[in-house]
Every structure is written in structure tokens, then in C-alpha cells.
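Below is one structure, written out as C-alpha cells; comments come after it.
Protein chains: 2
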Amino acid sequence: MPQLRKDPIIGRWVIVSTERARRPGNFVTPKENSFVEDECPFCESRESKTPPEIYAVRGKHHPHPNTPGWQVRVIPSINPMLRIEGDLTRRGRGLYDVMSNVGAHEVIVETPKHIANMADLEVDQIKLTLETYILRINDLEKDPRFQYVIPFKNYGWSAGGGKIRHSRSQIIATPVNPWRVKEELAGAKKYFEYRERCIYCDLIRQECESKERIVVEQEHFVAVTPFASRFPFEVWILPKKHSCDFAKGLNGLQGDLAKILKKVLLKIKVGLNDPSYNYVIHSAPFHKRTNTSDWKTVEHDFHWHIEVMPRLTHVAGFEKGTGFYICSMPPEDTAEYLRGVEV
Amino acid sequence: MPQLRKDPIIGRWVIVSTERARRPGNFVTPKENSFVEDECPFCESRESKTPPEIYAVRGKHHPHPNTPGWQVRVIPSINPMLRIEGDLTRRGRGLYDVMSNVGAHEVIVETPKHIANMADLEVDQIKLTLETYILRINDLEKDPRFQYVIPFKNYGWSAGGGKIRHSRSQIIATPVNPWRVKEELAGAKKYFEYRERCIYCDLIRQECESKERIVVEQEHFVAVTPFASRFPFEVWILPKKHSCDFAKGLNGLQGDLAKILKKVLLKIKVGLNDPSYNYVIHSAPFHKRTNTSDWKTVEHDFHWHIEVMPRLTHVAGFEKGTGFYICSMPPEDTAEYLRGVEV
């Protein structure tokens, strides 16, 4: 049963698996190409190969769960990091804080066909996926044990995408806020207290003016390479209009977001020879239910966004041990390169 | 010329290479076994293959630099991340802060022989290496542009150790404090303000009492798997006696530290089939020269330590995007396993 454990020095929660099945000898070097194609459990007509679905986007004539005729399908994860059952019992052990790994872990299968990369899906298919994220987030919000929901994607082996090459993402609901989001929330709040403006809005304004780090600009969204990129070809997609909450703030712009997301992923695919990548959606926590002063300004100071991280280099000891990233290509160059990629 | 750039939201500095030589097509998948053995530039008698040495531990009869007869040798890095020349010119660009990448980047060759893993060096050789770290740190401290020095090691390809399998570490001097160290300093300071005790000392006390996460315990040092480990088989080595500063605090215990370091690395090597690993030394910044209230209590609240991170799994999108690590083996189990490894 995994546990949530808190590092007592910096206050960061980690998920520690306490299952004894994993033995030291099991750390086999991953093999690049050992994937199973003809028995993919995520493809249409193999619904019985997965756990029963939580939700699916289905045509009128195929209303029955766990049967063909769907566009997007949500199933529980087979190897969940967190579990729905259980209490949020938090207990101390001297210096240490530990919590049961209550949460949710779902897989969103983005297409009934055996297509590997989201970049190759139709815009409408991606739009349905985004709408499914929103539906699941709003549903998970009803559970008072959860503080945060993260939709994310691992594509390709080296990005943790696993062996099966069928386009999908995951959603995790957690009882604590993830560390990186906490850092962003704190930084954004500090800036807002100082300038009474949202730092992301200021960032969007500066980037749209200078243009040197713009990958794609559209009416409602912009994709940029961050000034202080951690990884080469890191790209952020942000809504131009201020909104702290992805699920609540998208407001009919799902189609536009699907367009820019596809364009960015396709430029990465074509321009970098189909690399592995990750993306993650950062949004405000479920703050409305708490009354703490922490969340007083979050609607004003935080701004949801998607971080796309192609997996081209590995993070070495210096970076892991210090938190000092070394980005081997300047974001101005990677933005220019991606702008030039025809899709 | 690489630059230091500051993420405006969370305040984290990154090193961004601005060299145009690197092109997108250059991101070749690393090949595991392509290392050069018979022309290793770090071996004794090939001193002319490296840049001129900065320092070496030499026998009385071999006093001349860049000749054979040395035990440990320090040379400048061939691909330095930071450069000694230059001013610390820090400038703003709207939201953004940028600084020239002034600093130092040195390689410490730990043995004249072609031995790959520090675990296989004699204790005396490791002791000389630690003493060399201290000498270089104290020398680099004299440069008022530097705030921090990090000794670290990348062993093995997947840990960023490169193709050449000759045991060595690196030292980087930076004009800013690394992010992860900042987090630890802030957390330790907060704990000290609350309890008037060093959190690391409390941690050592609790661990030595419970014993379940101890890997090796000696008179002056202890090696433990952290309660909230980020990676399986992560091990920290800490001095039992409180000291915030590695270089100044070691005080004649270099031999003891060399013993426990070798033991930990050998247990990892033998128990996990010679995996890649990283280690990094976290110590207090060069604080004595600043008068800010930030450093008032650092001598009391911070505690230097070594973090050893075997590279067994890769960090996927969920972890990269959220800062939520998933440790696939509980530290109690990994500690028990390592205790049982005969070396």
C-alpha cells in the first residue's frame, strides 16, 4: 500500500510504494523496442481487456459501457499510485509525517484506434480529450479528500510512456498539492502582492511583444519557450485571458486549445524526429472549499498553463543533486526552429 | 557563452547555453557501450591530453605539473558550464533576470589508474580525493564572485558519467545558490526558528534510535536511506557531530568519511550490479562574507551531508511536471537489503 511521506526538511511530499513484491533485482534496464502491438488493450473492441470504464464519450447508438463505439474512454489505472478507498489518516512519527495514499489514478484513452502520438489525432479528437479531462476534474472535485488533480501525458518509452503505443493520458487526484505547483503558487502570490498583477499575464504580454520565444500564437492561446527553460524545446501553452483554473476557465475554447496543442505536438514530432515527451497541466488547487489566507488571491495571481517537455537529454547528477538545470539550447533558438517546422 | 537565467515565477536560476553549435539534429540517442578505454586522457602518463592541471597531489620526487607521479589531479573541465573570466553583470529584461555564467568548473581525477568506480579505490585514495575537494573549495572561496561550490560525481552513462570510465568527480563554483540547496537552507532555518535545534541533528538522532533506515553506522558518520526518499536506494551520509560546512567541518575526519563513503558505494555496486549513480555534497554557502539576516543562524541550522543517488529508474512526466516523486521501493527495505550486502 503506497504511502505519502513528507520530507521534514523542505516539506515536499513523495509517494513511497510499500509493496514488497518489488525486489532489488527487478531493476532491469528498459529495452527500447519491446512493445506489444497486436494485442493492445486500449484499442476498440478489446474493452474487456481493461478494468471497467469510469466514463466514455459514446455515440448515441452505443450507450453500453465496456463495448465498442466510443471516442474517448476513461478507465482506472492498472498500477495505481493512489487508491480511492481509505481515510486520509495523517500521522506523525517523530520528525516525520505520513499519510495514506488516498487519491485517484485514471487513464484517458484518447482514441479507439491504435495511434501512438496525440500529434496525429484529429483536432476534434483532442477536443474531446480535453473535455473529458474537465469532466473528470469536476467529478473528482466533489470528493472532499482531494486537494489537486493533475492531467498529464507520458509519450514514448524514455518519458515513462510504457510499452504500449496507444495515445493516452492520465489523471491523478491527490490529497496534497504537488511540490512544483506549490512553488509556482507561492512565486505567483509573491509577485501579485508586490505588483498587484498576475505574473503569467505579464509574461504573456512581454513574450507577445518580443516574439523571440513564440512558437505558435493564436487568438486565445500562445505557445512559448520559457526564458529560463529547464530542458531544450520545453514549451508552455497559456491562455491569453487570465484564468487560474483550467477546468472552469476554458469556457468554450476547448477547440482552440486542441488546435494549438496539436500544432505544438506536431512541430515537435516532425522537427525532432518523433521524440518522447511529457506534458502536464498546472491549474489552481481546489481552493474554494478552504478559507485559509493562502488562497485569498489565487484567482488573481495564478494562471493555468500546459508544460510540454520533449525528452531529449537526461538529467545528470549535477542537476538532480542541486536543482540547477542546464539547458543545452537557448529557448530563442528552439522557438525559431519550431516556428520554421512546416506542419 | 552560457548565461544564468532566473525563472521569474519561482525564482530558480538555470544555466542556458547560448552556443549556436548545438543543432536540434544533434540529439542522438546515447549508446550504452561506446567508451574509449585504451586512450583514456585521465590515466597517468597521458597528462598532455588534458588541459594544464590546476593542482595535483604529487609525491616528493614528481613535483612538476602535468607529468606522471600524482595520486589525484585537478584539471579544468573541457566543456565548462561556467567560466572564470568575466564580470558578474546582472541585468534585467522586463520580467527576466540574466547573469553571465561566471564560475568555475573543474574535474578531479581520483586515481592515476584506469579504475572506473570510486567504490573500487583504496580508502587512502578516496581520502586524498576528499582532501582535494577541501583544498579546491577553500581556494575558490577566495573569489568574491562565487557564492557556492558543489562537489559532485556522475558515474556511468545513464547518470551523465560520459563515455570514459575513469573514476573522477567535478567541482562547480557558482555566483548563485543552487535551487535544491536553497530549499534545504530555508526548511532548516524554519525548523531552527521553531525548535532551536538543527533538523538534521534531530533526524540523525531519530534514525540512530529506530535503526530501520540505517545502511552503515560508524563512530563519526552515519549512512541512511531517507524517510521520504525520492529514488529507490537513495542514501545520505551525514556527520554525527553538527557542522554546517563540509570543507571547514571535516577536521581530521577525512579518513573516516572515506571509509563510510567507500562502504556505501561498494554495497551499492555489489548489491545492485554496478549501477550508474550520482552523488553530491550539500554544504552551507559562503555566508561569512555577507551580512544578511538570511545567514544569521546557518551555522546552527544547516548540516552538511552527501546525497548518493543510484540511477535505477527514470523520472517520468508526472514527476518532472509536478515535483511529486514516486519511490518504488520503501527506504526501510532498501536499507535492510544494503545492510545485508557483504563487502
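Taken in order, these protein sequences are the chains called X and U. For the first sequence, the working numbering assigns the number 24 to the initial residue and increments by one for each residue that follows. For the second sequence, the working numbering assigns the number 24 to the initial residue and increments by one for each residue that follows. Backbone N, C-alpha and C define an ideal beta-carbon position, used for all residues, glycine too. Note that this is a predicted model, so its numbers are computed, not measured.
Distance between beta carbons of residue j and residue i, contact taken as under 8 Å
i, j, result
"residue 195 of chain X", "residue 127 of chain X", "7 Å"
"residue 152 of chain U", "residue 131 of chain U", "6 Å"
"residue 210 of chain X", "residue 33 of chain U", "4 Å"
"residue 287 of chain U", "residue 331 of chain U", "6 Å"
"residue 89 of chain U", "residue 75 of chain U", "6 Å"
"residue 339 of chain X", "residue 301 of chain U", "7 Å"
"residue 104 of chain U", "residue 349 of chain X", "6 Å"
"residue 215 of chain U", "residue 324 of chain U", "3 Å"
Beta bridge counterpart(s) of residue i as assigned by DSSP
i, result
"residue 370 of chain U", "Chain U is shown from 24 up to 366; residue 370 of chain U falls before or after that span and cannot be answered."
"residue 301 of chain X", "X:177, X:332"
"residue 350 of chain X", "U:39"
"residue 106 of chain U", "U:125"
"residue 247 of chain X", "X:237, X:259"
Unbroken beta strand (DSSP E) run spanning residue i, endpoints
i, result
"residue 331 of chain X", "328-333"
"residue 177 of chain U", "171-178"
"residue 240 of chain U", "237-240"
"residue 192 of chain U", "191-197"
"residue 259 of chain U", "258-262"
"residue 27 of chain U", "26-29"
"residue 291 of chain U", "Taken as a continuous stretch (DSSP letters only), residue 291 of chain U belongs to no beta strand (DSSP E), being part of the alpha helix (DSSP H) at 277-294."
"residue 78 of chain U", "78-81"
"residue 99 of chain X", "93-99"
"residue 127 of chain X", "127-132"
Residues of its chain near residue i, where Cβ-Cβ distance is below 6 Å and the 5 sequence neighbours each way are ignored
i, result
"residue 78 of chain U", "97"
"residue 142 of chain U", "288, 289, 292"
"residue 111 of chain U", "125, 168, 198"
"residue 224 of chain U", "265"
"residue 328 of chain U", "259, 261, 305"
"residue 63 of chain X", "137, 187, 189"
"residue 241 of chain U", "283"
"residue 85 of chain X", "92"
"residue 179 of chain U", "299"
"residue 171 of chain X", "197, 200, 308"
Cβ shell of residue i (< 7 Å), same chain only, five flanking positions each side left out
i, result
"residue 360 of chain U", "294"
"residue 39 of chain X", "25, 26, 28"
"residue 157 of chain U", "270, 273"
"residue 57 of chain X", "Unreliable positioning characterises residue 57 of chain X in this predicted model, as indicated by a pLDDT of 47, which lies under 50. A coordinate reading is not provided."
"residue 227 of chain X", "245, 261, 263"
"residue 80 of chain U", "93, 94, 95, 151, 155"
"residue 354 of chain U", "236, 248, 249, 250, 252"
"residue 280 of chain X", "153, 244, 273"
"residue 114 of chain U", "121"
"residue 218 of chain X", "none"
Nonlocal neighbours in the same chain, by C-beta distance under 8 Å from residue i, ignoring five residues either side
i, result
"residue 335 of chain U", "254, 255, 256, 295, 298"
"residue 237 of chain X", "230, 231, 245, 246, 247, 358, 362"
"residue 347 of chain X", "341"
"residue 135 of chain U", "66, 67, 91, 93, 94, 96"
"residue 366 of chain X", "286, 289, 290, 293"
"residue 356 of chain X", "none"
Boundaries (first-last residue) of the alpha helix (DSSP H) holding residue i
i, result
"residue 211 of chain X", "202-218"
"residue 270 of chain X", "269-272"
"residue 154 of chain X", "146-164"
"residue 22 of chain U", "Here chain U comprises residues numbered 24 to 366, so residue 22 of chain U is not present and cannot be evaluated."
"residue 321 of chain X", "321-324"
Any non-hydrogen atom of the ligand SAM closer than 6 Å to residue i Cβ
i, result
"residue 219 of chain U", "The ligand content of the structure shown is nil, which means the ligand SAM is not present either."
Quiz item: If you measure beta-carbon to beta-carbon, which residues of the segment 227-238 of chain X are closer than 7 Å to chain U?
Solution: Contact residues of the segment 227-238 of chain X toward chain U are 229 (C-beta to C-beta distance below 7 Å).
Quiz item: Between the segment 93-118 of chain X and chain U, which residues of the former have a C-beta closer than 7 Å to a C-beta of the latter?
Solution: Result list: 104, 117, 118.
Quiz item: Which residues, in chain order, does the segment 119-149 of chain U contribute to contact with chain X at a C-beta distance below 9 Å?
Solution: If the cut-off is 9 Å between Cβ atoms, the segment 119-149 of chain U has 119, 120, 121 near chain X.
Quiz item: Listed in chain order, which residues of the segment 174-191 of chain U have Cβ atoms closer than 7 Å to some Cβ of chain X?
Solution: Hits within the stretch, in order: 175, 176, 177, 181, 182, 183.
Practice problem: Would you list, in chain order, the members of the segment 335-356 of chain X that have their beta-carbon closer than 9 Å to a beta-carbon of chain U? | Solution: Look at the segment 335-356 of chain X: the residues with a C-beta under 9 Å from a C-beta of chain U are 335, 336, 337, 338, 339, 340, 341, 342, 343, 344, 345, 346, 347, 348, 349, 350, 351, 352, 353, 354, 355, 356.
Quiz item: Listed from N- to C-terminal order along the chain, which residues in the segment 250-275 of chain X have their beta-carbon within a distance smaller than 9 Å of any beta-carbon of chain U?
Solution: Result list: 250, 251, 252, 253, 254, 255, 256.
Exercise. Quick one: which residues of the segment 206-219 of chain U get their C-beta closer than 9 Å to a C-beta of chain X? List them in chain order.
Key: Considering only beta carbons, the part of the segment 206-219 of chain U lying closer than 9 Å to chain X consists of 206, 207, 209, 210, 211, 213, 214, in chain order.
Quiz item: What residues in the segment 193-204 of chain X have a beta carbon less than 8 Å from any beta carbon of chain U?
Solution: Those residues of the segment 193-204 of chain X that come within reach of chain U (Cβ to Cβ, closer than 8 Å) are 193, 195, 197, 201, 202, 203, 204.
Practice problem: Return the residues of the segment 154-168 of chain X that lie within a Cβ-Cβ distance of less than 8 Å from chain U, sorted by chain order. | Solution: Answer in chain order: no residues at all.
Quiz prompt | chain U contacts from the segment 28-39 of chain X (Cβ-Cβ distance under 9 Å) | solution = Residues of the segment 28-39 of chain X with a C-beta less than 9 Å from any C-beta of chain U: 28, 29, 30, 31, 32, 33, 34, 35, 36, 37, 38, 39, listed in chain order.
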